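Written below as structure tokens is the structure these notes are about.
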Amino acid sequence: MELPTQTFRVTRADLVRYAGASGDFNPIHWSDRLATKVGLPGVIAHGMFTMALVGRALTTWAGSADAVVDLGVRFTRPVVVPDDDEGTEIVVSAVVREVTEAGLTRLDITASCHGEKVLSQARATLRTAR
Amino acid sequence: MSLDHSFIGRSYPPTAPYQVGREKIREFATAIGATDPAHHDPEAARALGHPDVVAPPTFPVVLTMAANRQLIEDPALGLDYSRVVHGDQRFAYTRPVVAGDELVCVNTVEGVTSRGGHEFVTTRTDVKTTAGEPVVTAWMKLVVRGEA
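Laid out in structure tokens, this is it:
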């Protein structure tokens, strides 16, 4: 079963807010000058911000803020966030791999930006029965 | 540069307790656009059976990333942070983090490997309350890119 796709807009302002909230002030997430210096095309989103959006998608699908019992991802491609009002978009989708008798739902997750996958081996387990 | 493989299996001393604040959870939830009332309103969280607001799933990174500085800054391990990329991240929860938790992290080096000129360090961070109740375990894989 495929779950409804969720789309998240990401702007530079979101990265600044996330840097402050998470304590991750690596300049590749806010300075084009320092991002390009290390070979990136420009400022990129925190991998953990992308993962946080996946977490949001999961709690929305589950309909409960406390449903996630396991979440793991591999960061495979940077999410470049341009310095404009539009920013970029991260699209999160998932398929149900298994529903266990104990009421756990295992998902395979896809997260893409401009049609290219930014995560691999992204899997989650949700507690769907209370 | 080569990492010291004898670090595999080594654990670091527990970190100083981290007091999870209600406003910190609200701030983190707001930063990721998570509007579920259980992240913001203690009443909504209590309706789900929690003592206070519930942290979003990736919130523990606030603690675990800070705790991992123990390894990253350990000169004996020899990590060159300027060449480090975050490769993998996983969280396995015994229960969600909630406001009022007082949490301690214990870092363990699970793996140090080399492949294709790159080095990989896998760490496990066990997050427990100061009373010893397990809350969440985080795994992080760091990729140390080889010098081109």
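As given, the protein sequences belong to chains A and B, one line each in that order.
Numbering of the first sequence is given in the UniProt record's numbering, commencing with residue 1 and proceeding in unit increments.
Numbering of the second sequence is given in the UniProt record's numbering, commencing with residue 1 and proceeding in unit increments.
Heads up, the beta-carbon is just placed ideally off N, CA and C, and yes, glycines get one too.
Values in this document were obtained by computation on a predicted structure and should not be read as measured data.
Does DSSP put residue i in a helix, in a strand, or in coil?
{"i": "residue 47 (chain A)", "result": "helix"}
{"i": "residue 133 (chain B)", "result": "coil"}
{"i": "residue 111 (chain A)", "result": "strand"}
{"i": "residue 40 (chain B)", "result": "coil"}
{"i": "residue 63 (chain B)", "result": "helix"}
{"i": "residue 7 (chain A)", "result": "strand"}
{"i": "residue 25 (chain A)", "result": "coil"}
{"i": "residue 80 (chain A)", "result": "strand"}
{"i": "residue 50 (chain B)", "result": "coil"}
{"i": "residue 200 (chain A)", "result": "Chain A is shown only over 1 to 130; residue 200 (chain A) falls outside these bounds and no answer can be derived."}
{"i": "residue 2 (chain B)", "result": "coil"}
{"i": "residue 60 (chain A)", "result": "helix"}
Measure the beta-carbon distance from residue i to residue j and round it to whole angstroms, keeping in mind my assumption that it falls under 8 Å.
{"i": "residue 127 (chain B)", "j": "residue 63 (chain B)", "result": "6 Å"}
{"i": "residue 99 (chain B)", "j": "residue 20 (chain B)", "result": "6 Å"}
{"i": "residue 117 (chain A)", "j": "residue 76 (chain A)", "result": "7 Å"}
{"i": "residue 48 (chain A)", "j": "residue 24 (chain A)", "result": "7 Å"}
{"i": "residue 58 (chain A)", "j": "residue 68 (chain A)", "result": "5 Å"}
{"i": "residue 27 (chain A)", "j": "residue 34 (chain A)", "result": "4 Å"}
{"i": "residue 111 (chain A)", "j": "residue 104 (chain A)", "result": "That belief does not hold up - the Cβ atoms of residue 111 (chain A) and residue 104 (chain A) are roughly 21 Å apart, past 8 Å."}
{"i": "residue 13 (chain A)", "j": "residue 29 (chain A)", "result": "Not a contact, Cβ separation roughly 12 Å."}
From which residue to which residue does the beta strand (DSSP E) around residue i run?
{"i": "residue 79 (chain B)", "result": "Counting along the chain, residue 79 (chain B) falls outside any beta strand (DSSP E), and DSSP gives it neither H nor E."}
{"i": "residue 137 (chain A)", "result": "Chain A is shown only over 1 to 130; residue 137 (chain A) falls outside these bounds and no answer can be derived."}
{"i": "residue 94 (chain A)", "result": "88 to 99"}
{"i": "residue 114 (chain B)", "result": "102 to 115"}
{"i": "residue 70 (chain A)", "result": "68 to 75"}
{"i": "residue 90 (chain B)", "result": "84 to 93"}
How far does the alpha helix (DSSP H) with residue i in it reach, from first residue to last?
{"i": "residue 71 (chain B)", "result": "69 to 72"}
{"i": "residue 25 (chain B)", "result": "22 to 31"}
{"i": "residue 131 (chain A)", "result": "This structure cannot settle anything about residue 131 (chain A), because the visible part of chain A is limited to 1 through 130."}
{"i": "residue 20 (chain A)", "result": "12 to 22"}
When the distance is taken between beta carbons, is residue j closer than 8 Å to residue i?
{"i": "residue 10 (chain A)", "j": "residue 89 (chain B)", "result": "no"}
{"i": "residue 92 (chain A)", "j": "residue 53 (chain A)", "result": "yes"}
{"i": "residue 121 (chain B)", "j": "residue 144 (chain B)", "result": "yes"}
{"i": "residue 67 (chain B)", "j": "residue 28 (chain B)", "result": "no"}
{"i": "residue 146 (chain B)", "j": "residue 117 (chain B)", "result": "yes"}
{"i": "residue 95 (chain A)", "j": "residue 107 (chain A)", "result": "yes"}
{"i": "residue 45 (chain B)", "j": "residue 38 (chain B)", "result": "yes"}
{"i": "residue 123 (chain B)", "j": "residue 109 (chain B)", "result": "yes"}
{"i": "residue 79 (chain A)", "j": "residue 50 (chain A)", "result": "yes"}
{"i": "residue 53 (chain B)", "j": "residue 22 (chain B)", "result": "yes"}
{"i": "residue 3 (chain B)", "j": "residue 119 (chain B)", "result": "yes"}
Checklist entry - the region 39 to 56 of chain A: which residues have C-beta closer than 9 Å to a C-beta of chain B, in chain order? => result 46, 47, 48, 49, 51, 52, 53, 54, 55, 56
Item to check | Chain-ordered residues of the region 86 to 103 of chain B with a beta carbon less than 7 Å from chain A | outcome: 86, 87, 88, 89, 90, 91, 92, 93, 96
Next on the checklist: Taking beta-carbon pairs under 7 Å, can you tell me which members of the region 56 to 73 of chain B lie near chain A?
Outcome noted: 56, 57, 58, 61, 62, 65, 66
Next on the checklist: Using a Cβ-Cβ cutoff of 7 Å, what residues of the region 28 to 45 of chain B are near chain A? List them in chain order.
Outcome noted: 28, 31, 32, 33, 34, 36, 38, 39
Item to check | Interfacial residues, the region 118 to 146 of chain B to chain A, with Cβ spacing under 7 Å | outcome: none
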